[in-house]
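K.L.:
In the numbering used here, the protein residues as written are 271 to 779. Think of the CB as a built atom: it goes at the ideal place given N, C-alpha and C, for glycine as much as any other residue.
#1: Could you have a look at residue 606 and say whether DSSP puts it in helix, strand or coil?
#2: Work out the CA separation of residue 439 and residue 768 for me, nearest whole Å.
#3: Closer than 6 Å by C-beta to residue 668: which residues in its own chain qualify, once you throw out the five before and the five after it? Chain order, please.
#4: For residue 334, which residues does DSSP report across the bridge?
#5: With DSSP as the reference, label residue 628 as helix, strand or coil.
#6: Alpha carbon to alpha carbon, how far is residue 392 from residue 298?
#7: Could you check whether the segment 451 to 467 touches the segment 514 to 534, counting it as contact only if at least three pairs of C-beta atoms, one from each stretch, sit closer than 8 Å?
#8: Using beta-carbon positions only, say whether residue 424 and residue 352 come within less than 7 Å of one another.
#9: With a 10 Å radius around its C-beta and 16 neighbouring C-beta atoms as the bar for buried, classify residue 400 as buried or exposed.
#10: Could you tell me the alpha carbon to alpha carbon distance between residue 566 and residue 476, rounded to whole angstroms?
#11: Hey, residue 338 and residue 312 are a contact pair by Cβ (cut 8 Å); roughly how many whole angstroms apart?
#12: Residue 666 and residue 674 - do their beta-carbons sit closer together than 7 Å?
#13: Can you check whether the CB of residue 449 is closer than 7 Å to the CB of residue 395?
#14: Using DSSP's beta-bridge definition, name the partner residues of residue 651.
#15: So the candidates are 694, 722 and 685; which of them puts its Cα closest to the Cα of residue 714?
#16: Please state whether DSSP places residue 537 in a helix, a strand or coil.
#17: Alpha carbon to alpha carbon, how far is residue 696 from residue 752? Give it in angstroms, no decimals.
#18: Between residue 519 and residue 356, what straight-line distance do the alpha-carbon atoms span, to the nearest angstrom?
#19: Under 6 Å from any heavy atom of the ligand SAH, does the C-beta of residue 712 make it?
#20: Using the three-state DSSP reduction, which class does residue 527 fall into: helix, strand or coil?
#21: Looking at residue 330 and residue 789, is the spacing between their C-beta atoms short of 7 Å?
#22: Rounded to whole angstroms, what is the Cα-Cα separation between residue 738 and residue 366?
#23: Rounding to the nearest angstrom, what Cα-Cα distance links residue 286 and residue 492 in this structure?
#24: The beta strand (DSSP E) that contains residue 720, what's its start and end?
#25: So, at 7 Å on beta carbons, what are the nonlocal neighbours of residue 292 in its own chain, with the 5 sequence-adjacent residues on each side left out?
#26: For residue 692, count the other beta carbons within 10 Å of its own beta carbon; 16 or more makes it buried, fewer makes it exposed. Which is it?
#27: I'd like the list of long-range same chain contacts for residue 759, defined as Cβ closer than 6 Å, with 5 residues on each side in sequence excluded.
#28: DSSP three-state call for residue 591: helix, strand or coil?
#29: Which partner residues of residue 463 appear in the DSSP bridge assignment?
#30: So which of 629, 529, 698 and 746 has the shortest CA-CA distance to residue 444?
#31: CB residue 485 to CB residue 456, shorter than 7 Å?
#32: Whole angstroms is fine: what's the gap from residue 606's alpha carbon to residue 645's?
#33: Does residue 634 come out as helix, strand or coil in the three-state DSSP assignment?
#34: Starting from residue 667, follow its DSSP beta bridges and name the residues at the other end.
#35: From residue 315 to residue 676, what distance separates their C-alpha atoms?
#36: For the beta strand (DSSP E) that residue 503 lies in, which residues bound it at each end?
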């Protein structure tokens with residue numbers, strides 16, 4: 271039964287994977303990692319990511335997924351909030367934490383693999399003072415113990431203040447081990463069968479591709495293919511080369527595929543592909559229909575959130591019957607649509623979306639910026655999205671209550687950018703929001719009020735923000751105003767700034 275792992279075509283047999291994970295668990299145990307402790311992960315896509323997850327499972331530890339685009343300050347803030355005891359990362363990424371910037375916790379650096387070095391053009395040297403992880407694994411004795419209860423991911427997302435907050439799954443001993451649940455979801459959600467091959471090129475620090483890859487590993491009977499970066503033609507080539515059956519594919523990737531010349535699209539045999547799943551950002555109807563017309567009705571869309579999990583699922587056939595819907599809630603769950611006073615709304619009327627999904631368990635936040643006030647309605651929780659249910663219980667999302675921008679599947683929080691941008695000389699005030707983008711879904715726009723006699727340009731703004739926030743969060747467009755529109759309270763009327771960009775799209779998100 272094929273259940274091996276691949277990274278850019280490099281094979282790791284399942285037995286080797288399990289042996290390395292048990293050796294890594296022994297190393298982490300020696301570093302003081304035990305039940306409910308946190309191991310931070312700063313890796314690009316690599317099979318090592320899955321080894322860390324398996325090692326944490328053996329110890330009953332959480333793994334903290336770090337966005338490798340983040341600045342040293344952003345990463346350090348999360349390490350401190352999570353109280354991480356160890357950082358595991360690729361050597362080119364951990365190099366920033368050396369010398370005067372060394373961390374107070376052990377750093378286990380894995381030499382950045384060749385496939386990633388050539389993809390990103392980075393220096394794989396291990397920094398002084400950091401441990402060579404692969405050398406440690408080669409010398410370690412595998413842990414002689416069964417895995418403990420799976421804690422899973424400690425994912426970080428920013429709150430309304432921009433301060434990151436960790437989403438921690440509760441340990442409920444009355445419920446099955448979450449890893450068993452993941453194994454079941456591999457069949458129930460991904461429709462995996464023995465011998466199937468699941469492909470992802472989306473960053474494994476994101477909740478969805480990480481969880482789906484872990485579903486695959488928990489099932490134990492399917493291959494997992496991980497690519498360090500998405501390239502449209504390489505994806506088609508890999509489908510043909512490895513007989514890929516399943517893939518995680520978001521709208522940004524689909525747009526890139528659809529832009530390929532017809533001759534390139536027809537060059538590869540993609541007949542083995544029978545299931546593709548998308549989450550994270552709105553899926554434009556024309557893109558969805560074009561993908562169905564090309565590769566068939568094999569695509570599924572899911573509405574999800576790191577806090578709650580995969581909430582809904584809709585097939586291609588259902589999407590054509592219910593255009594614009596993100597599907598029905600997963601079996602065992604329920605959705606309520608509530609007004610601002612938490613009264614249930616009638617069918618077809620929009621309100622806040624509250625979801626209860628018992629299979630993923632409850633959650634809490636790691637700091638006070640993660641206040642749950644207003645986020646709960648009994649066992650149901652909301653992440654701030656607005657939508658409605660139709661007469662057949664299909665969910666439609668109509669707006670996003672909070673300011674979050676989703677660009678290329680990545681969550682971007684304006685408050686974080688605004689907090690950095692307001693420090694720029696020459697800016698009196700600012701507002702950051704999302705505008706439609708054909709490939710990424712949304713792009714980041716900054717509206718600024720200049721100080722008299724000062725000139726702020728897109729280039730000067732981007733240069734100011736470059737060392738302060740991750741590059742993918744830096745605004746790609748600048749609107750300069752003499753005065754920014756304000757409500758009577760003095761708060762910037764962000765919706766007035768945002769609305770002109772969306773008027774021609776027929777959508778709000």
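P.N.:
Well, looking at it:
#1: strand
#2: 35 Å
#3: 620, 656 and 657
#4: 310 and 424
#5: helix
#6: 27 Å
#7: yes
#8: yes
#9: buried
#10: Looking at the two C-alpha atoms, the distance is approximately 27 Å.
#11: 6 Å
#12: no
#13: Cβ distance not < 7 Å, so residue 395 and residue 449 don't count as in contact.
#14: 625 and 646
#15: 685
#16: coil
#17: 12 Å
#18: 31 Å
#19: The model depicted lacks the ligand SAH and carries no ligand whatsoever.
#20: helix
#21: With the chain running from 271 to 779 in the structure shown, residue 789 is simply not present.
#22: Using only the alpha carbons, I get a separation of about 14 Å.
#23: Those two C-alpha atoms are separated by around 16 Å.
#24: 711 to 720
#25: Residues 328, 412 and 413 of the same chain have their beta carbon placed closer than 7 Å to that of residue 292, with the five preceding and five following residues left out of the count.
#26: exposed
#27: A caution first: residue 759 carries a pLDDT of 46, below 50, which makes its placement in the model unreliable, though a value can still be read off. Contacts found: none.
#28: In this structure, residue 591 counts as helix in the three-state DSSP scheme.
#29: Its beta-bridge partners do not exist; DSSP assigns none.
#30: For residue 444, the closest of 629, 529, 698 and 746 by C-alpha to C-alpha distance is 629.
#31: yes
#32: 13 Å
#33: strand
#34: 657
#35: 21 Å
#36: From DSSP, residue 503 is part of no beta strand (DSSP E) but of the alpha helix (DSSP H) over 502 to 512.
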